[in-house]
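Residue numbers (our numbering): 3 to 177.
By construction, the Cβ of each residue, glycine as well, lies at the ideal position given by its N, Cα and C atoms.
Presented below is the structure to which this report refers.
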């Protein structure tokens, strides 16, 4: 094989490989339009809950949305059910959807979001204890200041925008 043929083959192989890498990188790169748009942003204090339907942690059964308790579920005193977004705590970002109502009385003191205990544990560096339904190992944190971003408003009853206390009854209004 001549050196000239070998170099040409190497050049073609290199061009082919670079082209393939460009196509692969382009395909793997997220389209800017595919990222969910922020519809509303804010900050609040969040607590946590885990309703397993047993009543042992003060829960009343199945969450208001009818969906089973799961990681990513949150309770809001006013946002429409099935609203979606994410929370940020100390640089950690976790998705959520509104699947239940609450917190009740704490919302009158500015605690406007109840995160599921598994998400709360991930955010705070703790662990979820399935026996007690509590978060352990996070230094005793039960309430944290979070930023939230709403990416999709739910279609059900509730009030869009800034969350308001449970006592306002906004969860039962449309819009």
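If you draw a 10 Å sphere on the C-beta of residue 169, you find fewer than 16 other C-beta atoms in it, and that means exposed.
Rounded to the nearest angstrom, the Cβ distance from residue 115 to residue 167 is 12 Å, too far for a contact under 8 Å.
A Cβ-Cβ contact shorter than 8 Å links residue 103 with residue 173. When the five nearest sequence neighbours on each side are left out, the beta carbons in the same chain lying within less than 6 Å of the beta carbon of residue 139 are those of 128 and 129, in order along the chain. Between residue 154 and residue 85, the gap from beta carbon to beta carbon is short of 8 Å. DSSP places residue 54 in no beta strand (DSSP E); its state is neither H nor E.
Membership of residue 121 in the alpha helix (DSSP H) is indicated by the continuous run 119 to 126. For residue 166, there is no enclosing beta strand (DSSP E), as DSSP gives it neither H nor E. Annotation for residue 136: the continuous beta strand (DSSP E) segment containing it runs 136 to 138.
Residue 135 sits away from residue 91, with the two beta carbons spaced by 8 Å or more. Inter-residue distance for residue 56 and residue 63 is about 7 Å (C-alpha atoms, whole angstroms). Rounded to whole angstroms, the gap between the alpha carbons of residue 133 and residue 52 is 11 Å. Setting aside the 5 residues that flank it on each side, residue 97 is surrounded in the same chain by 74 and 88, each with a C-beta closer than 6 Å to its C-beta; the list follows chain order. Proximity to residue 137 across 95, 151 and 117 peaks at 117, based on C-alpha coordinates. Around the beta-carbon of residue 78, 16 or more other beta-carbon atoms lie within 10 Å, marking it buried.
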